[in-house]
Amino acid sequence: MNNRLLAMVGSVMVVCLTVSASGQTAEGKKDGGAASPAGPSIKDAYKGIFLIGAAGDLPGGYSAEELDLVRQNFNVVTPENCMKPGPVHPSENTWRFERPDALVKWCADNQIAVHGHTLVWHAQTNNWFFRDGDKDVVTRRLKDHIGTLVGRYKGKIRGWDVVNEAINDGGNAETAKTENLRKSPWMRALGPEYIALAFRFAHEADPDAKLYYNDYNIEVGPKHESSMVLLRRLVKDGVPIHGVGIQGHWSTARVPYEAIDRAIGDYASLGLKVSITELDVTIRGTSGGQLGGGRPRGEVTPPSEQDLKAQADAYGRLFAIFLKHKDQIERVTFWGLSDRRSWRRGQHPLIFDASNHRKPAYAAIVEAIYHPKPEPAAPR
Ligand code: XIL
């Protein structure tokens, strides 16, 4: 039995011994039933390997049981919406810091790290940034936005998704040789330089923060090639970029395992760290990071046992790949907390069900540490 397995068995025994007949734990906390541990928590199982996160605009609007679930299972939180440009900086002279401040405080009080999301994006960004402004004016607005937000949480937020989703969807053999940047309002106002500027402004505001480029489907096909062209340029130009976020919105029907395996290696070869930043594996329906189309209307079909097994297998295989690259991977964050707290609600994508119970995927992820079965990447 290796040390890690011994530690796991030990922690299960401690949990068994410290829960009394009244359902109270030794620390005096109420054993929340649904949230009660039936084995090592995912964050403990992966301790010293990589951080395990969840997204949410905590703590407002979350039940005590949900907050317990976060405390017990995750050691890093990404704000799902409240730090995006639209919500936090709706007009030039208006900032809404109430929710971001509350999130940062709650996480600090509970020894949970925060990863900031996101400074520059084409979505959830109000038009005032671009209105009646020449290049200089828009650059100043970008700098003020980043400087104020990153500066406010300097030393309290460990890293930021600086630029989100700058690369076009799809692509072909021709675009694969280029950065294929999205014609976003930032691109129209400032050209491709907006990306390097954003990283430089963020670095100035907090030189210790880990700065990420974040995107979906960048592990596959021409979009992956374009991401390599872009990142190679940023690294070559000495832009302060630390890592790449592969969002990880996948579906049980098709997870691109081999592409993921290879992409992590490709990014590492540029000297960059990798995080899986928005992981969810839907049981049916939409995958990918595109906005919209996720929420079902009317009744939600519950997942069958077979669905849950297929999802558990997918998560197990994914984590085996992440473990293979553990020296490159800093963090794996789920996009939401439970199947009720998910932007893809109705497609049962997460590791806790709508009643906060562990799904088969949870055990498969912990199991991946002890019996990893990484699928080797096929040669190019
Ligand atoms: C989503 C949130 O989960 C939703 O609540 C919101 O309505 C739209 O944005 N890629 C990202 C995230 O980088 O910010 C998106 O989050 C999901 C796709």
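To convert a position in the sequence shown, counted from 1, into the working numbering, add 701.
Heads up, the beta-carbon is just placed ideally off N, CA and C, and yes, glycines get one too.
Please read these numbers as outputs of a predicted model, since none were measured by experiment.
Q: Buried or exposed for residue 910, please, with buried defined as at least 16 other CB atoms from any protein chain shown within 10 angstroms of its CB.
A: Under this definition residue 910 is a buried residue.
Q. Looking only at DSSP bridge pairs, what is residue 1053 linked to?
A. 1059
Q.
Suppose the cutoff is 6 Å on Cβ atoms and the five residues either side in sequence are ignored; what does the same chain contact list for residue 730 look like?
A. Model confidence at residue 730 stands at a pLDDT of 32, short of 50, so the residue's coordinates are unreliable; what they give is reported in the following sentence. Taken in chain order, the list of residues that qualify is empty.
**Q.** Exposed unless 16 or more other CB atoms sit within 10 angstroms - verdict on residue 1006
**A.** exposed
Q: Starting from the C-beta of residue 915, find all residues in its chain whose C-beta is less than 6 Å away, skip the five residues before and the five after it, and write them out in chain order.
A: 862, 865, 946 and 978
Q.
So, for residue 889: in the same chain, excluding its five sequence neighbours on each side, which residues have a beta-carbon less than 8 Å away from its beta-carbon?
A. 831
Q) Does the Cβ of residue 827 lie closer than 7 Å to at least one heavy atom of the ligand XIL? A) no
Q.
Rounded to whole angstroms, what is the Cα-Cα separation between residue 741 and residue 793?
A. 47 Å
Q.
Assuming the contact rule is C-beta atoms closer than 8 Å, residue 1040 and residue 1053 should be a hit. Round their C-beta distance to whole Å, please.
A. That pair is a contact at about 7 Å.
Q: Identify which residue in 877, 1055, 1069 and 1032 has its Cα closest to the Cα of residue 775.
A: 1032
Q.
Please determine whether the Cβ atom of residue 1007 lies at a distance below 7 Å from any heavy atom of the ligand ADP.
A. As for the ligand ADP, it is missing from this structure, which binds only the ligand XIL.
Q) Does the pairing of the segment 863 to 882 with the segment 815 to 826 give three or more beta-carbon distances under 8 Å? A) yes
Q. Roughly how many whole angstroms lie between the Cα atoms of residue 726 and residue 769?
A. With a pLDDT of 32 at residue 726, under the threshold of 50, the modelled position of that residue is not reliable, and the figure given next carries that caveat. Their Cα atoms are separated by approximately 13 Å.
Q.
Measuring only the C-alpha atoms, how far is residue 1097 from residue 846?
A. Past the edges of the chain, shown from 702 to 1081, lies residue 1097, and the structure says nothing about it.
Q: Helix, strand or coil for residue 875, going by three-state DSSP, please let me know.
A: Coil at residue 875, not helix or strand.
Q) Based on Cα-Cα distance, which residue from 757, 809, 970 and 928 lies nearest to residue 784? A) The shortest C-alpha separation from residue 784 is found at 757.
Q: Spell out a yes or no on whether the segment 871 to 878 and the segment 919 to 930 are touching, meaning 3 or more CB-CB pairs, one atom from each, closer than 8 Å.
A: Contact check between the segment 871 to 878 and the segment 919 to 930: three or more CB pairs, one atom from each, fall below 8 Å, which counts as touching.
(Q) For a test of your reading of the model: does the CB of residue 818 fall under 7 Å from any non-hydrogen atom of the ligand XIL? Yes or no. (A) At least one heavy atom of the ligand XIL lies less than 7 Å from the C-beta of residue 818.
Q) Does DSSP classify residue 903 as helix, strand or coil? A) Residue 903 falls in the helix class under three-state DSSP.
Q.
List, from N- to C-terminal side, the alpha helix (DSSP H) runs of 4 residues or more that fit wholly inside the segment 800 to 848.
A. The segment 800 to 848 contains no whole alpha helix (DSSP H) run of 4 or more residues.
**Q.** Residues near residue 893 by beta carbon distance below 8 Å, same chain, minus five either side
**A.** Within the same chain, residue 893 has close Cβ partners 880 and 882.
Q: Count the other C-beta atoms from every protein chain shown that fall within 10 angstroms of the C-beta of residue 895, then say buried if there are 16 or more, exposed otherwise.
A: Result: buried.
Q: Output the distance between the C-alpha atoms of residue 1038 and residue 976, rounded to the nearest integer angstrom.
A: 18 Å
Q: Indicate the three-state DSSP secondary structure (helix, strand or coil) for residue 1032 in the structure shown.
A: strand
Q: For residue 722, collect the residues of the same chain with a Cβ closer than 6 Å to its Cβ; drop the 5 residues on either side in sequence, then sort them by chain order.
A: Residue placement at residue 722 is poorly supported in this model, since its pLDDT is 30, which falls under 50; the coordinates are not used for a value here.
(Q) If I measure Cβ to Cβ from residue 810 and keep anything under 6 Å in the same chain, skipping five residues before and after, which residues do I get? (A) none
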